[in-house]
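Enquirer: Protein chains in written order, with our numbering: chain A, 7 to 122; chain B, 7 to 122.
Using N, Cα and C, we set each Cβ at its ideal position, and we do this for glycine too.
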DNA sequence: GGGGAACGATACGGTAGCGTAACGAAAATC
DNA sequence: GATTTTCGTTACGCTACCGTATCGTTCCCC
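(1) Give, in chain order, every residue of the region 53-81 of chain B whose Cβ lies closer than 9 Å to some Cβ of chain A.
(2) Taking contact to mean 3 or more Cβ pairs, one atom from each stretch, closer than 8 Å, check whether the region 33-47 of chain B and the region 61-72 of chain B are in contact.
(3) Contact criterion: CB-CB distance below 8 Å. Does residue 114 of chain B meet it with respect to chain A?
(4) Under 8 Å, do residue 46 of chain A and residue 82 of chain A count as touching if we go by C-beta distance?
(5) Strictly below 7 Å CB to CB, what residues from chain A border residue 110 of chain B?
(6) How would you call residue 54 of chain A, buried or exposed, if buried means at least 16 neighbouring beta carbons within 10 angstroms?
(7) Just the Cα atoms here: how many angstroms apart are residue 90 of chain A and residue 77 of chain A?
(8) Grab the span of the beta strand (DSSP E) containing residue 83 of chain B for me, first residue to last.
(9) Going along the region 93-105 of chain B in order, which residues come within less than 7 Å of chain A, judged by CB to CB distance?
Below you can see the structure in the form of structure tokens.
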């Protein structure tokens with residue numbers, strides 16, 4: 007199952023998925039927020055504010071704000087680290103997992119349509 | 007050259023590309039703006055404000071504002087339609103084409119890395 | 001235990017997006 | 001030729017994000 011795209015197909019895939027996302031998803035996450043969400047769900051824990059900031063190359067308030075927003079949306083949760091109570095550990099949620107699962111399905115569906 | 011992704015690979019691809027995009031691109035386009043840009047460059051012209059609004063399922067001011075912003079970035083241009091001077095025709099630019107070309111290359115590169 | 005460092009959150013002023021509503025210009029209709 | 005419709009833009013009030021700077025808490029280290 008190779009991932010072998012021509013430049014046109016690659017952009018076409020992005021086009022289809024982005025379009026669909028704009029159409030149906032009322033949540034309208036920022037590019038940064040989506041990057042954070044994917045990082046949390048695709049990279050093994052633990053995740054901290056500082057770590058995410060470093061990984062994305064942004065400042066800490068950006069992470070805090072994104073977690074605020076996505077927390078209200080139920081996509082992530084935060085908990086104090088009991089070992090080092092300065093840290094905050096970011097946790098996944100069922101809703102967040104579902105959100106990304108739908109995104110993954112969307113990409114696959116559009117990727118398949120791309121070859122037709 | 008099939009586009010055959012597992013759900014994990016699909017999200018992984020999105021993850022890598024989004025991450026890279028956040029890192030390096032100072033332009034930070036909205037999801038909607040990107041959708042508009044892709045629509046303009048991947049679908050045959052002519053493109054109008056009204057047409058784009060209908061295609062994306064958003065209101066006209068959203069398109070106008072996005073074109074303002076992306077116009078300042080040099081990614082698109084607008085011209086009055088001489089046949090029907092109520093219309094505005096959206097034109098592509100060299101910078102816009104380069105921008106999407108780089109995005110396409112990025113997707114391909116990350117897609118390839120995804121299979122390693 | 002006192003001084004400093006690390007961590008995340010908050011404050012602040014500024015910018016850019018949003019939706020609704022209204023507007024001016026141009027075409028179409030009668 | 002006056003009215004209506006169409007098209008894109010602008011105005012308005014609002015919300016959310018931005019970067020910089022600062023804050024409170026917790027840990028570390030001497």
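Expert: With the given structure in hand:
(1) 61, 62, 63 and 64
(2) yes
(3) It does; some Cβ of chain A falls within 8 Å.
(4) yes
(5) 13, 16 and 17
(6) buried
(7) Residue 77 of chain A has its alpha-carbon roughly 22 Å from the corresponding atom of residue 90 of chain A.
(8) 82-86
(9) Along the region 93-105 of chain B, none of the residues has a CB nearer than 7 Å to a CB of chain A.
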